[in-house]
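Quick note on our numbering: the sequence shown kicks off at 11 and runs consecutively.
Even glycine gets a Cβ: it sits at the ideal position worked out from N, Cα and C.
To keep things clear, I will list the structure first and then write my remarks on it.
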Amino acid sequence: MIVLADMVKLLSWCIAQVRINKVAVVPTEGGQWIRKRRNPFCFVPIVVGNIVFGFRRVGVRVLHNHQWLEWESAVYAAMGISVKRQGAAGLLVPKFQGQPLLAAFDAQLMCAEEVIEVLALALKELYRLHQIEIVVDGKPVLFSHADASITNAIFDWETRAAVWVDFDLRHDLKQPASLRHADDLRAFTSTSIRCLAIEVPSDELFEKYMQAMKRAYPDEQVWQQYHDFQHGFWNVIDLFAYAQGFRCMSACRALPPK
Numbered sequence: 011m012i013v014l015a016d017m018v019k020l021l022s023w024c025i026a027q028v029r030i031n032k033v034a035v036v037p038t039e040g041g042q043w044i045r046k047r048r049n050p051f052c053f054v055p056i057v058v059g060n061i062v063f064g065f066r067r068v069g070v071r072v073l074h075n076h077q078w079l080e081w082e083s084a085v086y087a088a089m090g091i092s093v094k095r096q097g098a099a100g101l102l103v104p105k106f107q108g109q110p111l112l113a114a115f116d117a118q119l120m121c122a123e124e125v126i127e128v129l130a131l132a133l134k135e136l137y138r139l140h141q142i143e144i145v146v147d148g149k150p151v152l153f154s155h156a157d158a159s160i161t162n163a164i165f166d167w168e169t170r171a172a173v174w175v176d177f178d179l180r181h182d183l184k185q186p187a188s189l190r191h192a193d194d195l196r197a198f199t200s201t202s203i204r205c206l207a208i209e210v211p212s213d214e215l216f217e218k219y220m221q222a223m224k225r226a227y228p229d230e231q232v233w234q235q236y237h238d239f240q241h242g243f244w245n246v247i248d249l250f251a252y253a254q255g256f257r258c259m260s261a262c263r264a265l266p267p268k
């Protein structure tokens, strides 16, 4: 079992190093935009990743180019945000005010309670998005992010508002919304707990964290599914979940030293 766990972590680390998009800031007359394009030769890791991720309890797919463009455009439209398609090559997304959530924490001297408060605001926004319907193949489905790590959230200190970004992946939409939402909740909690900057939070602090998260995401059915995830066998061998953790740790290390 130990050997299996080590193999899972090694493969997950390799997955976390893959970058399927090229991202650049593009200045225009109307302000700055983020240009996203697929990396050349990303087809192979996408195919391999989709085979591996298809065996998860909640299947996840990295969308191919045209599917990705349609899905991400539709999600932003449902959020009330205008994006620009660049033909079949890529997407222009507004450069949102604020900072990536991890960088925002690094820029502020905050106590654990303040960190928990900001994390709750980010989760509250994710809960709001989970109530939005996206039309796929002519049918409305409740939105789920599929990669709700805090590396995909931006926080603005002036407005104290969070924005979720990067919709390159999509859950298997045949799965119940509560199961997909629970997978998002798992991704958020497993990466956001690292923001407390404590290797092992005390029982009291962890309880404060969980109470704040449950207030921010008031859906008992999803929380029950979340607890099933945490105690199930699939959690032990979930390559995708480990990869999210490795990517979060990599983002933390990339921050400039204080």
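Compare the C-alpha of residue i against each of the options and name the closest.
i      : options                        : result
Lys149 : Ala171, Ala84, Leu139          : Ala84
Tyr86  : Arg196, Glu143, Phe198         : Glu143
Asn31  : Thr199, Gly255, Trp78          : Trp78
Leu102 : Glu217, Gln234, Arg45          : Arg45
Tyr252 : Asn75, Glu214, Ile91, Asp157   : Asp157
Gln107 : Phe63, Val146, Lys218, Arg170  : Arg170
Arg47  : Arg95, Glu217, Leu112          : Arg95
Pro228 : His74, Phe216, Gln185, Lys134  : Lys134
Pro110 : Phe65, Leu183, Asn162          : Asn162
Glu123 : Ser188, Asp147, Leu215, Val145 : Leu215
Met2   : Ser154, Lys218, Ala99          : The chain is shown only over 11 to 268; residue 2 falls outside these bounds and no answer can be derived.
Glu80  : Gly100, Gly59, Ala226          : Gly100
Asp238 : Glu217, Asp193, Cys121, Gln254 : Asp193
Trp43  : Pro50, Val33, Phe51            : Val33
Arg66  : Met120, Cys121, Lys218, Gln185 : Gln185
Ala226 : Ala172, Asp213, Gly255, Gln240 : Ala172
Asn75  : Phe51, Gly64, Ile91, Ser92     : Phe51
Gly255 : Gln141, Gly41, Ile203          : Ile203
Arg40  : Pro55, Gln234, Gly64, Ser92    : Checking the displayed sequence, the identity of residue 40 turns out to be Gly instead of Arg. When each option's Cα is compared against that of Gly40, the closest is Ser92.
So residue i and residue j are supposed to be a Cβ contact under 8 angstroms. How far apart are they, rounded?
i      : j      : result
Trp167 : Leu136 : 19 angstroms between Cβ atoms; not a contact.
Ile6   : Cys205 : Since the first and last residues shown for the chain are 11 and 268, residue 6 lies out of range.
Arg196 : Tyr236 : 6 angstroms
Lys105 : Val35  : 6 angstroms
Thr199 : Cys258 : Incorrect: roughly 12 angstroms between the Cβ atoms, too far for contact.
Pro62  : Leu249 : Residue 62 is actually Val in this sequence, not Pro. With a Cβ gap of about 6 angstroms, Val62 and Leu249 count as contacting.
Leu183 : Val232 : Rounded, the Cβ-Cβ distance is 17 angstroms, inconsistent with contact.
Val152 : Ala187 : According to the sequence shown, residue 152 is Leu rather than Val. Confirmed, about 4 angstroms.
Looking at the unbroken alpha helix (DSSP H) that takes in residue i, where does it start and where does it end?
i      : result
Phe216 : 213–226
Leu139 : 122–139
His181 : Here His181 belongs to no alpha helix (DSSP H); instead the beta strand (DSSP E) covers 179–181.
Leu79  : 75–88
Phe7   : Past the edges of the chain, shown from 11 to 268, lies residue 7, and the structure says nothing about it.
Starting from residue i, trace the beta strand (DSSP E) in both directions and tell me its first and last residue.
i      : result
Asn31  : 31–38
Asp166 : 163–166
Val145 : 143–146
Val2   : Since the displayed the chain opens at 11 and closes at 268, residue 2 lies outside it and no answer follows.
Leu101 : 100–104
Val70  : 70–72
Starting from residue i, follow its DSSP beta bridges and name the residues at the other end.
i      : result
Trp174 : Ala163
Arg47  : Lys32, Gly100
Lys94  : Leu102
Pro186 : In the DSSP output, where bridge partners are listed per residue, Pro186 has none listed.
Gly41  : Thr38
Gln254 : Paired residue(s): none; Gln254 is not in a bridge.
Pro110 : Ile164
Compare the C-beta of residue i against all C-beta atoms of chain B and say whether one is closer than 7 angstroms.
i     : result
Arg95 : Absent from the structure: chain B. Only one protein chain is present.
Would you check if there are 3 or more beta carbon pairs closer than 8 angstroms linking the region 175–187 to the region 68–76?
Yes, the region 175–187 is in contact with the region 68–76.
Should the region 220–229 be regarded as contacting the region 123–132, the criterion being three or more beta carbon pairs within less than 8 angstroms?
Short answer: they touch.
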